[in-house]
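As structure tokens, the structure follows; a few thoughts come after it.
Number of protein chains: 2
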Amino acid sequence: MTDSVAAAATTTLADRILTDLTTAIVEGDLAPGEKLREPDLARRFGTSRGPLRDALRRLESRRLVVTTPNAGARVVSLSAEQLIALYELREALEGQTARLAAERISEQELGELERLLDTHEQEIERRHGREYFRQQGDLDFHFRIARASANALLYDTLCVDHYQLMRLYRTKFSNRVGRPHRALTEHRRILDALRDRDGELAEFLMRRHIRTARSAIAETSAVSSNKETTS
Amino acid sequence: MTDSVAAAATTTLADRILTDLTTAIVEGDLAPGEKLREPDLARRFGTSRGPLRDALRRLESRRLVVTTPNAGARVVSLSAEQLIALYELREALEGQTARLAAERISEQELGELERLLDTHEQEIERRHGREYFRQQGDLDFHFRIARASANALLYDTLCVDHYQLMRLYRTKFSNRVGRPHRALTEHRRILDALRDRDGELAEFLMRRHIRTARSAIAETSAVSSNKETTS
DNA sequence: ACTGCTATTATTGTCGACAATCTAGCCCGT
DNA sequence: ACGGGCTAGATTGTCGACAATAATAGCAGT
């Protein structure tokens, strides 16, 4: 489900710690900026510090923790500037996945995408479309396109290296009224472009779609930074 | 020189191993696909396996080694398909850096880029422009633009995570006659676009520039795979 | 000779302890 | 009272040894 090719059945301790720590961070159990003390965490997961350090290193490569030599690891805490940078990265990567997907997506994948968007529409209409599920679904749409781009490196960079980071910083900003409908429409247009095998248009629409989300963030953070300077 | 902000003066053992192993891989001292046995490497670098495993994990995040659980690490060995995927990733990332750099680059950085290209021209003319130096210079141009994009995440993804991998797989393909001149011209056009603050054009030119290199690779690998099937 | 199993070996995964470094609180001098 | 240096505690970095898993070589049987 998560990885590309059939993952090895054997699961090492560091693997388990990695997933547990990841959920702990994303669910907010470990707050952004919080110090991650190796002895504490080792006790918490019932292992020694060896596998734990291993897991921390992998979390670092997924940008969920930042480490400074001799000073340990902290949960990542993105500034508004860094969050915008993340969206600028997404815009580039996902634009390319859309372009490539238009050339390479299969009929079956097109059908699955269509059904996915139908589900989203229903969710939004009966207002079960509350944040949590909708967000997951939104990312699901984006990641299926990444998979359809048939570029494992692009897929990994997006869906492995930055997936949890996006999840972590998504909650706070995508709750403007009317946005779900708008986003769904944008998704449908992108799907149309894919079906037409129009890579150029698919990229254009995908980039604009992400840029829209980025703008919302930029506004929000501008407001909050104003509040800071005012208070 | 390598990192963005002033790197901490303290250098841990894992850091030293990381750089040494990186050069060993890029210089070809460790061949692609070669098994990396932890006890051997630990002896080679005169440390224990702890810091070595640490370094291996970081090399994994830079995609220079691939690790499978309980089976150890190997030096990366890209297939033609994966190499093309790398260039598709570069096209997306560097196109975006060019676009952003057009908005954000300083006059001083513009001047430095111009001087760099002048140096390249001289190198090419007196045919000191043999592969090694030219490649370094080429990457230098690309990375200065990444820096000028003022997006630390984009810069790191390109210049930290994928730099050595690009170095490793660059030697083999960029030696077509006349290509240096052509590439220099393309670089100058990109610089023009940056100076004009024309982000859209800068992105277009950068993407085409990288796509050209990718096509050369696709041809070469097609030829070699033909040879394989013929033999 | 070849296939399949078994035992040995080697390599990776994990652990606890020691050394080096950083952090925090205290004491002292001005 | 305030600041600087010093000591004590805690935390990270490193090491060597043990356990678990995988790879290999040898052997037996067909």
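Line by line, the protein sequences give chains U and E. Take the first sequence: its position 3, counted from the start at 1, is 2 in numbering that gives the first Met the number 0, and no numbers get skipped. Take the second sequence: its position 139, counted from the start at 1, is 138 in numbering that gives the first Met the number 0, and no numbers get skipped. We treat Cβ as the ideally placed atom computed from N, Cα and C, and that holds for glycine.
Within a 10 Å sphere around the beta-carbon of glycine 27 of chain E sit fewer than 16 other beta-carbons, which makes this residue exposed. Cβ contact annotation for leucine 88 of chain E (same chain, cutoff 8 Å, sequence separation greater than five): His161, in chain order. DSSP assignment within the segment 54-142 of chain U yields the following whole alpha helix (DSSP H) runs of 4 residues or more, N-terminal first: 79-103, 106-124.
Exclusion of the five residues before and after leucine 29 of chain E leaves Ala23, Val74 as the residues of its chain whose Cβ lies within less than 6 Å of its Cβ.
The beta carbon of arginine 206 of chain E does not come within 7 Å of any beta carbon belonging to chain U, so the residue lies off that interface.
Shown here, leucine 35 of chain E sits in a strand according to DSSP, grouped into three states.
Around alanine 72 of chain U, the same chain offers Leu35, Leu55, Val64, Thr66 as residues with beta carbons nearer than 6 Å, after the five sequence neighbours per side are excluded. If the five residues before and after methionine 205 of chain E are omitted, its C-beta is found closer than 6 Å to the C-beta atoms of Glu93, Gly94, Ala97, Ile189, all from its own chain and listed in chain order. Chain-ordered, the chain E residues with CB closer than 9 Å to the CB of serine 60 of chain U read Arg56, Arg57, Glu59, Ser60, Arg61, Asp160. Pairing alanine 91 of chain U with histidine 208 of chain U, the inter-Cα distance amounts to about 12 Å. DSSP places threonine 22 of chain E in the uninterrupted alpha helix (DSSP H) bounded by 12-25. Arginine 143 of chain E sits away from tyrosine 154 of chain E, with the two beta carbons spaced by 7 Å or more. Nearest to leucine 99 of chain E by C-alpha distance, out of E:Ile216, E:Glu218, E:Arg196, is E:Arg196. Here DSSP, grouped into helix, strand and coil, assigns alanine 212 of chain U to helix. Closest in C-alpha terms to aspartate 139 of chain U, from the list U:Arg52, U:Ala212, U:Arg114, U:Ala151, comes U:Arg114. The criterion of a C-beta distance shorter than 7 Å is satisfied by leucine 152 of chain U and leucine 85 of chain E. Under the Cβ criterion of 7 Å, glutamine 95 of chain U is counted among the residues facing chain E.
For histidine 161 of chain E, the three-state secondary structure derived from DSSP is coil. Close to chain E, meaning a Cβ-Cβ distance shorter than 9 Å, are the following residues of the segment 65-91 of chain U: Thr67, Pro68, Asn69, Ala70, Glu80, Gln81, Ile83, Ala84, Leu85, Glu87, Leu88, Glu90, Ala91. Close partners of alanine 151 of chain U in chain E (Cβ separation under 9 Å): Glu80, Gln81, Ala84. Shown here, leucine 204 of chain U sits in a helix according to DSSP, grouped into three states.
Against chain U, the CB of threonine 46 of chain E has no partner CB under 7 Å away; the residue lies outside that interface.
Contact with chain E is found for threonine 11 of chain U, since one of that chain's Cβ atoms lies less than 7 Å from the residue's Cβ. Residue environment: glutamine 107 of chain U is assigned as exposed (fewer than 16 neighbouring CB atoms within 10 Å of its CB, all protein chains considered).
Leucine 99 of chain E reaches chain U at Glu87, counting residues in chain order whose Cβ is nearer than 8 Å. Within its own chain, the residues whose Cβ lies closer than 8 Å to the Cβ of arginine 187 of chain U, once the five positions on either side in sequence are excluded, are Leu116, listed in chain order. The criterion of a C-beta distance shorter than 7 Å is not satisfied by proline 68 of chain E and isoleucine 123 of chain E. Residues of the same chain with a CB within less than 6 Å of the CB of threonine 46 of chain U, apart from the 5 flanking positions on each side, are Leu12 in chain order. Sequence-distant partners of arginine 15 of chain E (beyond 5 residues in either direction) whose C-beta falls short of 8 Å from its own C-beta, in its chain, are Phe44. Nearest Cα to arginine 42 of chain E within the set E:Ala212, E:Leu20, E:Arg103: E:Leu20. Here the alpha carbons of leucine 109 of chain E and phenylalanine 203 of chain U stand approximately 29 Å from one another. Burial state of alanine 70 of chain U is exposed, judged by a 10 Å Cβ sphere holding fewer than 16 other Cβ atoms.
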